[in-house]
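*Asks:* First the structure, then my questions, so here it is.
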Amino acid sequence: MRLHIARLTLNNFRNHAALDLQLDARPVCLFGPNGAGKTNILEALTMLAPGRGLRSASLTDVARAGDDEMRAQPNLSQVWTVSARVAQDGEETVLGAGAERTPEGGVKRLARRDGQPATAAELADAARMTWLTPAMDRLWSGPAGDRRRFFDRLTLARATEHGQAAAAYERAMRERQRLLSDRVFDNAWLGGLEREMSAHGAAIAAARVETLHRLQDAIDARPDGAFPKALLALEGLLEARFERGAKSADVEEDFAELLRDVRGRDAGAGRALDGPHRSDLKARHAAKNMDADQCSTGEQKALLLGLTLAQARALANDPGAGPSLILIDEAAAHLDAVRRAALFEELLANPGQAWLTGTDENLFEAFGERAQMFEVRDGAVSGV
Ligand SMILES: Nc1ncnc2c1ncn2[C@@H]1O[C@H](COP(=O)(O)OP(=O)(O)OP(=O)(O)O)[C@@H](O)[C@H]1O
Ligand SMILES: [Mg+2]
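Each residue of the sequence shown is one higher than the one before, starting from 17 at the first, in my numbering.
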C-alpha cells in the first residue's frame, strides 16, 4: 500500500498564480529563499484535509492578492483552487478544494472528489496527512488549546466522524451557554442540550483515548532512536473515565448529570468549565523522564517529529485507515545532521509520500537520488 500525490495544481493560491507539479512517489523537497512560496505549497495540500489548513486561514486570506486579472473580472466564479491527483496502489483519485463566489457576493468552500461534490471526510479518506510547522515548535509549552487541536487532528485522520462529533458538541454547548447567560433555566430545553453534549462529548473522548493508545503502541513498538520516545497522556474528565475502563453509557450519563448540577456555576463563569473542550495532551520524554515542556527546543522538536512519525505508522497499521502523507515545513530547523539523516530514512520507510521544505538545497543532500527536488522562487517552481 503506497500513497502519493502524482500531480498538484494550484490556481490563485497565495503567491502562486498557476502552479502545476508532476510528481512521482519519492519525497518532494521544496527549496528556495524566504518568501518564495514553499510553505504556501504545503498549506495548499492541507486545504484538502478537514479544517482550515496549516495556517488556519480563512477562505479569502489564501486567495491570491493583487491579481489584476481577478479584479478585472469580479464575477470570476472560482476564487482559488487546489487540485491533487492522488495515487494509491495503482488507482487514482482527483481531489479538489477551493473557494467559489456566491451570487450574494460572498465566498463558499468547494470540495470535490473525481469532479463530484464531496464531504471533508471523503477527501480525508482519500489522502490522509499529518503536518509539522515551525509554529508548532512551542506546542509543548504553549496553551492547552493548541495541543488539543493538534491531537484532534491526529484523531480525525483515523476516525473521520470525530469532526462531526466535535461540531455537534460545540453547537450544543454554545446553545446551552446562550440559555444560561440569558437566565433561561428551562429544565427540558437545557436537559436536551446537555444530553447532546454528553453523547457527543463521550464519543469525542472515546475516540481520543483510542487514538492515544494506537499512538503509544506505535511508539513503544520501536527501540529508542534519533527521535526520543514519548509517554503520552490525556488530561480530561471524560478521557480519564475511559482510561479507567468505564462504559460509554455511564460516562455519558454522569456527564449529563454533572452539567445539570453546574448550571449556576457555568452561568456565572460565562462558559462551560467541564468537558472535553478543556482536555489537554501531556507528553514526557521517556528516556529523560521529563515533561516535554521542560525539554530543550531541539528535544521538543524531536519529540514532536517522533510523534508525527508514530502517527503515520499507526495509521498505516490501522485497517480502518491507511498510508498517510507527512508534510514537514522547515524540516531541518533544530535538527543536527545525524537526526536529519535519521528523519529522511524514516520518511523513506513511510508508505505515504513526504513533503519537505528548506531554504537550502544542501539540507536534503542525504536523500541523494531518493527524493525529487524543486526550486521555488517568486511563486514559480522548477524541477532540479
Ligand atoms: N493571499 C496572498 N496573495 C499573494 N501573496 C501572498 C498571499 N499570502 C501570502 N503571500 C505571500 O507569499 C509569499 C511566500 O510565502 P511562504 O510562506 O510560502 O514563503 P516560504 O517560501 O515558505 O518562505 P520562508 O522560507 O520564509 O518560510 C510571502 O511573500 C507572502 O507575502
Ligand atoms: Mg516557509
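Backbone N, C-alpha and C fix where the C-beta goes; we use that ideal spot for every residue, glycine too. This one's a predicted model, so the numbers in the text were calculated from it and none came from an experiment.
Please determine, among Thr135, Glu361, Gln310, Asp345, the residue with the shortest C-alpha to C-alpha distance to leucine 70.
*Replies:* Minimum Cα distance to leucine 70 is reached at Asp345.
*Asks:* Can the beta-carbon of leucine 359 be found less than 8 Å from the beta-carbon of alanine 347?
*Replies:* Yes, Cβ-Cβ distance for leucine 359 and alanine 347 is below 8 Å.
*Asks:* Would you call asparagine 404 buried or exposed, if buried means 16 or more other Cβ atoms sit within 10 Å of its Cβ?
*Replies:* Only positions 17 to 400 of the chain appear in this structure, which leaves residue 404 out of reach.
*Asks:* DSSP three-state label for lysine 317, please.
*Replies:* DSSP places lysine 317 in helix when its eight states are reduced to three.
*Asks:* As an exercise, report each continuous beta strand (DSSP E) stretch of at least 3 residues that is fully enclosed by the region 153-203, in chain order.
*Replies:* DSSP runs (the beta strand (DSSP E)) wholly in the region 153-203: none.
*Asks:* Determine the extent of the alpha helix (DSSP H) in which alanine 285 is found, giving its start and end residues.
*Replies:* Counting along the chain, the alpha helix (DSSP H) containing alanine 285 begins and ends at 279-285.
*Asks:* Locate the beta strand (DSSP E) running through alanine 256, then write down its first and last residues.
*Replies:* Per DSSP, alanine 256 belongs to no beta strand (DSSP E); it is in the alpha helix (DSSP H), 253-259.
*Asks:* Across which residues does DSSP place proline 133 in a beta bridge pair?
*Replies:* Answer by DSSP bridge pairing, in chain order: Arg128.
*Asks:* Classify arginine 224 as buried or exposed, calling it buried when 16 or more other Cβ atoms lie within 10 Å of its own Cβ.
*Replies:* Burial call: buried.
*Asks:* Return helix, strand or coil for asparagine 32, following the three-state DSSP convention.
*Replies:* Position check: residue 32 holds histidine in this sequence, whereas asparagine was assumed. Three-state DSSP puts histidine 32 in a strand.
*Asks:* Do glycine 10 and alanine 246 have their C-beta atoms within less than 8 Å of each other?
*Replies:* Because the chain is modelled from 17 through 400, residue 10 falls outside the range shown and cannot be assessed.
*Asks:* State the Cα-Cα distance for the pair phenylalanine 271 and glycine 286, rounded to the nearest angstrom.
*Replies:* Taking the straight line joining both Cα atoms gives about 19 Å.
*Asks:* Can you say whether leucine 275 is buried or exposed, counting buried as having 16 or more other CB atoms within 10 angstroms of its CB?
*Replies:* It counts as buried.
*Asks:* What does the alpha-carbon distance come out to for the pair glutamate 377 and methionine 389?
*Replies:* Spanning the two alpha carbons is a distance of roughly 8 Å.
*Asks:* Mapping DSSP to helix, strand and coil, what is phenylalanine 47?
*Replies:* Note: phenylalanine 47 maps to strand in three-state DSSP.
*Asks:* Going by DSSP in three states, lysine 54 sits in which element: helix, strand or coil?
*Replies:* If DSSP states are grouped into helix, strand and coil, lysine 54 belongs with the helices.
*Asks:* Check whether the region 99-114 and the region 180-195 touch, using three or more Cβ-Cβ pairs below 8 Å as the test.
*Replies:* No: fewer than three Cβ pairs fall under 8 Å.
*Asks:* With a threshold of 16 other CB atoms inside 10 Å of the CB of aspartate 176, please say whether the residue is buried or exposed.
*Replies:* One point to set straight first is that residue 176 is threonine, not aspartate, in the sequence displayed. It counts as buried.
*Asks:* How about leucine 19 and proline 335: are their beta carbons less than 8 Å apart?
*Replies:* No, Cβ-Cβ distance for leucine 19 and proline 335 is not below 8 Å.
*Asks:* When you measure from the CB of aspartate 345 to every non-hydrogen atom of ligand 2, does any distance come out below 7 Å?
*Replies:* It does: the Cβ of aspartate 345 is within 7 Å (strictly closer) of some heavy atom of ligand 2.
*Asks:* Per DSSP, which one or two residues make a beta bridge with serine 340?
*Replies:* Answer is Arg144, bridged to serine 340.
*Asks:* Glutamate 385: buried (16+ other C-beta within 10 angstroms of its C-beta) or exposed?
*Replies:* Result: exposed.
*Asks:* Report the option in Cys45, Leu26, Ala22 whose CA atom is closest to the CA atom of phenylalanine 383.
*Replies:* Checked all of Cys45, Leu26, Ala22; the closest Cα to phenylalanine 383 is Cys45.
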